[in-house]
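Engineer:
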Amino acid sequence: MKKICFITRHAIVNYGSFLQTYATQKLFEDYGYNAEVLDYVREDEEYHNVTELLLKKSKKWNRNTFTRLIYRIVQWPDHYICGRAFEKERAKYLNLSERITNLVADASKIPTADIYCTGSDQVWGEIAQDDVDPMYFLSFAPHDAKKIAFSASFGKESYPKERIDKFKELLRGYDYITVREDSAVNIVNRAGYEATQILDPTMIFGGDRWRKQLLPIHEKGYVLLYQLNANHEMDEYAKQFADKAGLKLLRVSVEAHNCMRVGKFKLCLSPFKFLSYIANAEYMITDSFHGTAFAIMFNRQFVEVLPKEKIARNLSVLKQFGLEDRILNSLSDFSYIDKKIDYKIVDDTLEKYRRQSNELLKKCLYDGEM
1 MKKICFITRH AIVNYGSFLQ TYATQKLFED YGYNAEVLDY VREDEEYHNV TELLLKKSKK
61 WNRNTFTRLI YRIVQWPDHY ICGRAFEKER AKYLNLSERI TNLVADASKI PTADIYCTGS
121 DQVWGEIAQD DVDPMYFLSF APHDAKKIAF SASFGKESYP KERIDKFKEL LRGYDYITVR
181 EDSAVNIVNR AGYEATQILD PTMIFGGDRW RKQLLPIHEK GYVLLYQLNA NHEMDEYAKQ
241 FADKAGLKLL RVSVEAHNCM RVGKFKLCLS PFKFLSYIAN AEYMITDSFH GTAFAIMFNR
301 QFVEVLPKEK IARNLSVLKQ FGLEDRILNS LSDFSYIDKK IDYKIVDDTL EKYRRQSNEL
361 LKKCLYDGEM
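Here the sequence shown is numbered in the UniProt record's numbering, starting from 1 and rising by one per residue.
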């Protein structure tokens, strides 16, 4: 059996990060590959270290002993408890390589594979200190190995010429490049390479297969709030929306301090339990790309609250499915309670894109062998 080794940001305490990694592994296995996730975990993404590393960078909280203590009390449960829970899920569901934290020190741990792949999510955007990480551009792969990018993302719509020049160097050597957003196609083109837009792995995997992973829940009759960015106006809108719809409001989060905000709080659900809450919601209010993607796959009514930054991924998926009208433009607009999405049209579009995406993936994996 041929082997593919892929790298993605799988170790972040984030539902979308875990689920897209799981989907990528399963899709490669569908095509007959032994798929291995390169267990590359940066020091600043290791849950044991995150609290102290973020504290060092915070002028607000690193002022004195008291502010540092408050920060640790508030943030440590998020980073450690949920980090540990997600680590167990990764060990259970993902085929991980040996842990790698530094390419120089851990070079001997790089798996031998027939194909090396950059996976999905925001792998090509700024990760720390406003810079990119060459590891996500396959700097660890043998020079003559086959290299592909599968639904990669930059996280932003555009970059200055200096960054494009850097991408030109980093993208050299890829045999095939597929990206998640239409804006990412333009960025790769500006760097002098060809790229094709493809669905996020979670959407290629498909709603029917995700439904088989759902776990039982007892909550009924609720609006689900899944929010990645602090936004008190979004909180208040969600509360009023649920009240006007005659439903309760549930909030799902991996951040314990959000327990003080609106909604019945669900902390650090397992990834598949998280999906169950989306699948059973009457409505969903979200600012998350993957929240939107799963709402679409599960045919849920949803409202999109665009984040203040890095909106390219949200806009791209809404545009693909003709759902730009689900973007909230006014905090007094509650018409979405009665304005329903026609999922017959959306499902047909999704199936078309899934077929196209599978053909692209097959070409990336087998071109030259068929």
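Each residue gets a CB set at the ideal place from its N, CA and C atoms; glycine is no exception.
1) Any heavy atom of the ligand GDP closer than 7 Å to the beta-carbon of glutamate 169?
2) For glutamate 36, which residues does DSSP report across the bridge?
3) Grab the span of the alpha helix (DSSP H) containing phenylalanine 321 for me, first residue to last.
4) Check whether the stretch 33-47 and the stretch 60-77 touch, using three or more Cβ-Cβ pairs below 8 Å as the test.
5) In terms of DSSP beta bridges, what is arginine 251 paired with?
6) For the putative contact between phenylalanine 289 and glycine 83, defined by C-beta atoms under 8 Å, what is the C-beta separation to the nearest angstrom?
7) Report the start-end ranges of each alpha helix (DSSP H) in the stretch 147-193 that is 4 residues or longer and not cut off at the edges.
8) Tell me which residues share the same chain as methionine 370 and place their Cβ nearer than 7 Å to its Cβ, disregarding the 5 neighbours each side in the sequence.
9) To the nearest angstrom, report how far apart tyrosine 366 and aspartate 348 are at their CA atoms.
10) Helix, strand or coil: which one does DSSP assign to methionine 370?
11) What does the alpha-carbon distance come out to for the pair glutamate 43 and isoleucine 345?
12) What whole-angstrom Cβ distance do phenylalanine 18 and proline 271 have, given they're in contact under 8 Å?
13) When DSSP labels each residue in this structure, what does leucine 96 get in the three-state scheme?
14) Can you name the start and end residues of the alpha helix (DSSP H) that glutamate 233 belongs to?
15) Kindly indicate which three-state DSSP category glutamate 359 falls into: helix, strand or coil?
16) Kindly indicate the opening and closing residues of the alpha helix (DSSP H) around valine 50.
17) Helix, strand or coil, according to DSSP, for tyrosine 283 in the structure here?
18) Could you check what DSSP says for glutamate 219 in three-state terms: helix, strand or coil?
19) With three or more C-beta pairs closer than 8 Å as the rule, is the stretch 191-208 touching the stretch 172-180?
20) Sorted by chain position, which residues of the same chain lie with C-beta nearer than 6 Å to alanine 85's C-beta, five sequence neighbours on each side aside?
21) Over what stretch of residues does the alpha helix (DSSP H) that includes phenylalanine 28 continue unbroken?
22) How many Å lie between asparagine 14 and serine 120 at the Cα?
23) Out of curiosity, what's the CA-to-CA distance linking phenylalanine 298 and alanine 279?
24) Could you have a look at threonine 196 and say whether DSSP puts it in helix, strand or coil?
25) Which residue wins for smallest C-alpha separation from alanine 107, given the options Tyr80, Ala91, Phe140 and Ala113?
26) In angstroms with no decimal places, state the Cα-to-Cα distance between leucine 171 and tryptophan 76.
27) Compute the Euclidean distance between the alpha carbons of glycine 206 and lysine 59, then round it to the nearest angstrom.
28) Looking at C-alpha atoms only, which residue of Ile341, Arg261, Arg300 and Lys264 is the closest neighbour of isoleucine 275?
29) Consult DSSP for aspartate 121 and reduce its assignment to one of helix, strand or coil.
30) Starting from phenylalanine 302, trace the alpha helix (DSSP H) in both directions and tell me its first and last residue.
31) Nearest-angstrom Cα distance between lysine 2 and threonine 112?
32) What are the start and end residues of the alpha helix (DSSP H) that includes tyrosine 71?
33) Between which two residues does the alpha helix (DSSP H) holding threonine 292 run?
34) By DSSP, does glutamate 351 sit in helix, in strand, or in coil?
35) Exposed or buried, what is leucine 138 when buried is set at 16 or more other beta-carbons lying within 10 Å of its beta-carbon?
Structural biologist: The short version:
1) Questions concerning the ligand GDP fall outside what the structure shown contains, since it holds no ligand whatsoever.
2) Looking up residue 36 in the sequence shown gives position 36. Cys5.
3) Taking the first residue of the sequence shown as 1, we reach residue 321 at position 321. No alpha helix (DSSP H) holds phenylalanine 321; DSSP gives it neither H nor E.
4) no
5) Taking the sequence shown and counting its residues from 1, one reaches residue 251 at position 251. Answer by DSSP bridge pairing, in chain order: Leu225 and Phe265.
6) On the sequence shown, position 289 is the one that residue 289 refers to. On the sequence shown, position 83 is the one that residue 83 refers to. Actually they do not touch by this definition, with Cβ atoms about 22 Å apart.
7) 161-170 and 182-190
8) Residue numbering aside, residue 370 sits at position 370 when the sequence shown is read from its first letter. In this prediction, methionine 370 scores a pLDDT of 39, lower than 50, which makes its location untrustworthy; the coordinate-derived value is nonetheless stated afterwards. Same-chain partners within the cutoff: there are none.
9) The residue you call residue 366 lines up with position 366 of the sequence shown. The residue you call residue 348 lines up with position 348 of the sequence shown. Rounded to whole angstroms, tyrosine 366 to aspartate 348 spans 27 Å at the Cα level.
10) For the purposes of this step, residue 370 is identified with residue 370 of the sequence shown, where counting begins at 1. Its pLDDT being 39, under 50, methionine 370 is placed unreliably by the model, and the measurement read from it follows with that caveat. Looking at methionine 370 - three-state DSSP - the assignment turns out to be coil, as it is neither helix nor strand.
11) Numbered from its first residue, the sequence shown carries residue 43 at position 43. Numbered from its first residue, the sequence shown carries residue 345 at position 345. Going by the C-alpha atoms only, they are around 45 Å apart.
12) The residue given as residue 18 occupies position 18 in the sequence shown. The residue given as residue 271 occupies position 271 in the sequence shown. That belief holds up - the Cβ atoms of phenylalanine 18 and proline 271 are roughly 5 Å apart, short of 8 Å.
13) Along the sequence shown, read from residue 1 onward, the residue named residue 96 stands at position 96. In the structure shown, leucine 96 sits in a strand (DSSP, three-state: E or B).
14) The residue you call residue 233 lines up with position 233 of the sequence shown. Run containing glutamate 233: 232-245, per the alpha helix (DSSP H) assignment.
15) The residue given as residue 359 occupies position 359 in the sequence shown. If DSSP states are grouped into helix, strand and coil, glutamate 359 belongs with the helices.
16) Along the sequence shown, read from residue 1 onward, the residue named residue 50 stands at position 50. Run containing valine 50: 47-57, per the alpha helix (DSSP H) assignment.
17) Stepping through the sequence shown from its first residue, residue 283 is reached at position 283. Tyrosine 283 falls in the strand class under three-state DSSP.
18) Your numbering for residue 219 matches position 219 in the sequence shown. Correct three-state label for glutamate 219: coil.
19) yes
20) If you number the sequence shown from 1, residue 85 lands on position 85. Excluding sequence neighbours, alanine 85 sits near Cys268.
21) For the purposes of this step, residue 28 is taken as residue 28 along the sequence shown, with counting starting at 1. 15-30 is the span of the alpha helix (DSSP H), which, as asked, contains phenylalanine 28.
22) Here residue 14 refers to the residue found at position 14 of the sequence shown. Here residue 120 refers to the residue found at position 120 of the sequence shown. C-alpha separation (whole angstroms): 14 Å.
23) In the sequence shown, the residue the question calls residue 298 occupies position 298. In the sequence shown, the residue the question calls residue 279 occupies position 279. Each residue's alpha carbon lies about 6 Å from the other.
24) As a working mapping, residue 196 is identified with position 196 in the sequence shown. In the structure shown, threonine 196 falls within a strand segment according to DSSP collapsed to helix, strand and coil.
25) Counted from its first residue, the sequence shown places residue 107 at position 107. Of Tyr80, Ala91, Phe140 and Ala113, the residue nearest in Cα terms is Phe140.
26) One-based indexing of the sequence shown puts residue 171 at position 171. One-based indexing of the sequence shown puts residue 76 at position 76. Cα-Cα distance, rounded: 37 Å.
27) As a working mapping, residue 206 is identified with position 206 in the sequence shown. As a working mapping, residue 59 is identified with position 59 in the sequence shown. Going by the C-alpha atoms only, they are around 44 Å apart.
28) Position 275 of the sequence shown holds residue 275. Checking the displayed sequence, the identity of residue 275 turns out to be leucine instead of isoleucine. Cα-wise, what sits closest to leucine 275 is Arg300.
29) For this step, residue 121 is matched to residue 121 along the sequence shown. Strand at aspartate 121.
30) For this step, residue 302 is matched to residue 302 along the sequence shown. Premise fails: phenylalanine 302 lies in the beta strand (DSSP E), 301-304, not in any alpha helix (DSSP H).
31) Along the sequence shown, one-based indexing puts residue 2 at 2. Along the sequence shown, one-based indexing puts residue 112 at 112. Cα to Cα, the separation comes out at about 11 Å.
32) Position 71 of the sequence shown, counted from the first residue, corresponds to residue 71. Run containing tyrosine 71: 65-76, per the alpha helix (DSSP H) assignment.
33) For this step, residue 292 is matched to residue 292 along the sequence shown. Per DSSP, threonine 292 belongs to the alpha helix (DSSP H) from 289-297.
34) The residue given as residue 351 occupies position 351 in the sequence shown. Glutamate 351: helix per DSSP, three-state reduction.
35) By 1-based counting over the sequence shown, the position of residue 138 is 138. In summary, leucine 138 is buried, with 16 or more beta-carbon neighbours lying within 10 Å of its beta-carbon over all protein chains present.
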